[in-house]
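Student: Using the working numbering, you'd call the opening residue of the sequence shown number 386 and step up by one each time. Beta carbons: idealized from backbone N, C-alpha and C, even for Gly.
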Amino acid sequence: MRLGNFILVTCLLILFSSSPVSNVMGSLPEMKPVPHPRTGRPDVRIIKGKIKKGDTISVLLDPYLPLKTIYRLNHRSTRIFSLQKMQPGKPYRITVQKGRMTRFEYNIDMADRLVIQKCSDGFTMGRLPVEYTTTLETVSATITSSLFEAVRKSGEQCELALKLSGIFAWDIDFIRDIRPEDNFRVLVEKRFYEGKFSGYGKVRAASFTNRGKTFNAFLHKTAAGSEGYYDENGSSLQKAFLKAPLEFSRISSKFALKRMHPILKEYRSHPGVDYAAPKGTPVKTVGDGIIAAFGHSSTTGNYVMIRHSNGYTTRYYHLSGFPEGMGHNRKVTQGEIIGYVGMTGYATGPHLCFRMQKDGRAVDPLTHKFPSATPVAPVEMDQFQASIRKLAKKINKTPQVRVTAIRDLTGKQDS
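(1) Ordered along the chain, which non-local residues of its own chain (more than five positions away) have a Cβ less than 6 Å from that of Asp-556?
(2) Does the beta-carbon distance from Asp-562 to Asn-595 come in below 8 Å?
(3) For the stretch 717-735 against the stretch 759-773, are there 3 or more C-beta pairs whose distance is under 8 Å?
(4) Could you tell me the boundaries of the beta strand (DSSP E) in which Ser-525 lies?
(5) Label Lys-797 either buried or exposed according to how many other C-beta atoms from any shown protein chain fall within 10 Å of its C-beta, with 16 as the threshold for buried.
(6) Specify, as a first and last residue, the run of the beta strand (DSSP E) that Gln-742 falls within.
(7) Contact defined as beta carbons within less than 8 Å: I believe Ile-723 pairs with Lys-669. What is the distance between those atoms, to the nearest angstrom?
(8) As a quick exercise: from Val-588, Arg-746, Ala-625, Asp-659, pick the residue whose alpha carbon is nearest that of Tyr-731.
(9) Exposed or buried, which one is Glu-632 when buried takes at least 16 other CB atoms within 10 Å?
(10) Is it true that the stretch 734-745 meets the stretch 773-780, where meeting means three or more beta-carbon pairs spaced less than 8 Å apart?
(11) Do Lys-628 and Pro-756 have their C-beta atoms closer together than 8 Å?
(12) How many whole angstroms separate the CB atoms of Tyr-449 and Arg-485, which I take to be in contact at a CB cut-off of 8 Å?
(13) Could you give the DSSP three-state label for Lys-433: helix, strand or coil?
(14) Output the distance between the C-alpha atoms of Thr-520 and Met-711, rounded to the nearest integer angstrom.
(15) Given Ser-705, which residues of its chain have a CB within under 6 Å of its CB, disregarding the five upstream and five downstream residues?
(16) Going by other Cβ atoms of all chains shown within 10 Å of its Cβ, with 16 needed for buried, is His-681 buried or exposed?
(17) Where does Gly-710 fall in DSSP's three states?
(18) Give the secondary structure of Pro-656 by DSSP, where H, G and I count as helix, E and B as strand, and everything else as coil.
(19) Between Asp-567, Glu-516, Glu-566, Tyr-585, which has its C-alpha nearest Lys-575's C-alpha?
(20) Once you ignore the five residues that flank Thr-718 on each side, which residues in its own chain have a CB closer than 6 Å to its CB?
(21) Using the beta-carbon count (16 or more within 10 Å), is His-753 buried or exposed?
(22) So, helix, strand or coil for Pro-763, using DSSP?
(23) Which same chain residues end up closer than 6 Å to Leu-572 when comparing Cβ atoms and leaving out the 5 residues on each side of it in sequence?
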């Protein structure tokens, strides 16, 4: 028995140490099909499918590779993506030439795919972008009840509503500002994988009319390489703080110097805003900052306090819990989830109590004016104006435009 184990271990060591598989990051060469000796046509088959429950790399590749080669590929791929983590429903593609696998592709997620490619001395593998066919389309709708409903009725998915609300989050409070007859128009990239819709790319331009006032947004890539949304004058739509710490909820109590407390039944100051929302709704920090405190109090329940620049602090009360990784003095970025709506402490129902202070004094986050981020640099303004003129024409013309290449909004390449 001991001798048998020794032989087994020795064979496995030889198997994995002698692998001709190399790991690469970047582009992998496509194998040129070899013409069939009789027909003259490439002797290549492409097998497409989706991972089924119980599928393993051995099951998929057994007809096309020796078992020892599959073991080597499985072992080496862990440096890039473990083939043991393939998920049901994810697409894969196997290229077979003369009965042998020459290429294996698996979509890890919406952005990346694992590619294993046969080469002269073995296999190479890498993590590459998923290849989509992209169209640039204009979507427009008028709101009758909610942004989500308007997007759905226009034939689009809720993801587009989230993108829009994210772009205009600093100017429009989608909890309390939306009214019937508000409308939007958006120029958005749509991605297709093998002919099927596979989500949205970037919003290139958008306009949103709220209460009779129109807000415009144009995606712009600065000379430094960062992307952001700017209005027609080059002012950044991003501000130091979001208009609200959670999306699509309801304000149940506003900022007040004197309010009847629903539990204590006495008048008290309420220097904050209450947002009624289902338990578990994600709560986001409204601005970049550092977690100054978090924990539990008998009155405010689970809470987080964040210290921001320029003397601002924000507080989030009555949370049901916190995400993993919370810690004192940890940096957080605007829009990051820092808790979930609950009804801990003195609360009659699930809601978030949100409070803000400037230099130690309470301010009303619904009416306070916040500074904007850096505008388009003067040296870039001519280029920016030329770019948005193109986008403005596209967003107001035919509903669909086929795009052959999308790089940036500098005007260097734009179909």
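Tutor: Taking the coordinates as given:
(1) Here the question's residue 556 lines up with position 171 in the sequence shown. Contacts found: Phe-600.
(2) Working through the sequence shown from its first residue, we reach residue 562 at position 177. Working through the sequence shown from its first residue, we reach residue 595 at position 210. Yes, Cβ-Cβ distance for Asp-562 and Asn-595 is below 8 Å.
(3) no
(4) Indexing the sequence shown from 1 puts residue 525 at position 140. Where Ser-525 is concerned, the enclosing beta strand (DSSP E) stretches over 518-527.
(5) Locating residue 797 in the sequence shown gives position 412, where the first residue counts as 1. Confidence at Lys-797 is low in this model, with a pLDDT of 36, below 50, so its placement is unreliable and no value can be given for it.
(6) What you label residue 742 is simply residue 357 of the sequence shown in a count that begins at 1. Its beta strand (DSSP E) spans residues 736-743.
(7) Residue mapping note: residue 723 aligns to position 338 of the sequence shown, counting from 1. Residue mapping note: residue 669 aligns to position 284 of the sequence shown, counting from 1. Indeed they touch by this definition, with Cβ atoms about 7 Å apart.
(8) By one-based count along the sequence shown, residue 731 stands at place 346. Nearest option by C-alpha distance: Asp-659.
(9) What you label residue 632 is simply residue 247 of the sequence shown in a count that begins at 1. Classification for Glu-632: buried.
(10) no
(11) By one-based count along the sequence shown, residue 628 stands at place 243. By one-based count along the sequence shown, residue 756 stands at place 371. No, the Cβ-Cβ distance between Lys-628 and Pro-756 is not below 8 Å.
(12) Position 64 of the sequence shown, counted from the first residue, corresponds to residue 449. Position 100 of the sequence shown, counted from the first residue, corresponds to residue 485. Tyr-449 to Arg-485, Cβ: 6 Å. Contact.
(13) Residue numbering aside, residue 433 sits at position 48 when the sequence shown is read from its first letter. Strand, per DSSP.
(14) Start at 1 with the first residue of the sequence shown, and residue 520 comes out as number 135. Start at 1 with the first residue of the sequence shown, and residue 711 comes out as number 326. If you take the alpha carbons of Thr-520 and Met-711, they lie about 40 Å apart.
(15) Position 320 of the sequence shown, counted from the first residue, corresponds to residue 705. Closer than 6 Å at Cβ, skipping near neighbours: Lys-664, Tyr-725, Gly-727.
(16) In the sequence shown, the residue the question calls residue 681 occupies position 296. By the neighbour-count rule (16 or more Cβ atoms within 10 Å), His-681 is not buried but exposed.
(17) Indexing the sequence shown from 1 puts residue 710 at position 325. Residue state, collapsed to three classes: coil.
(18) The residue you call residue 656 lines up with position 271 of the sequence shown. Pro-656 falls in the coil class under three-state DSSP.
(19) What you label residue 575 is simply residue 190 of the sequence shown in a count that begins at 1. Looking at the Cα atoms, Tyr-585 is the closest of the given residues.
(20) Within the sequence shown, numbered from 1, the residue matching residue 718 stands at position 333. So the list reads Asp-673, once near-sequence residues are dropped.
(21) If you number the sequence shown from 1, residue 753 lands on position 368. The residue in question, His-753, is exposed, as its Cβ has fewer than 16 Cβ neighbours within 10 Å.
(22) By 1-based counting over the sequence shown, the position of residue 763 is 378. Residue state, collapsed to three classes: helix.
(23) Here residue 572 is taken as the residue at index 187 of the sequence shown, counted from 1. Thr-523, Arg-589, Ala-590, Lys-779, Ile-780.
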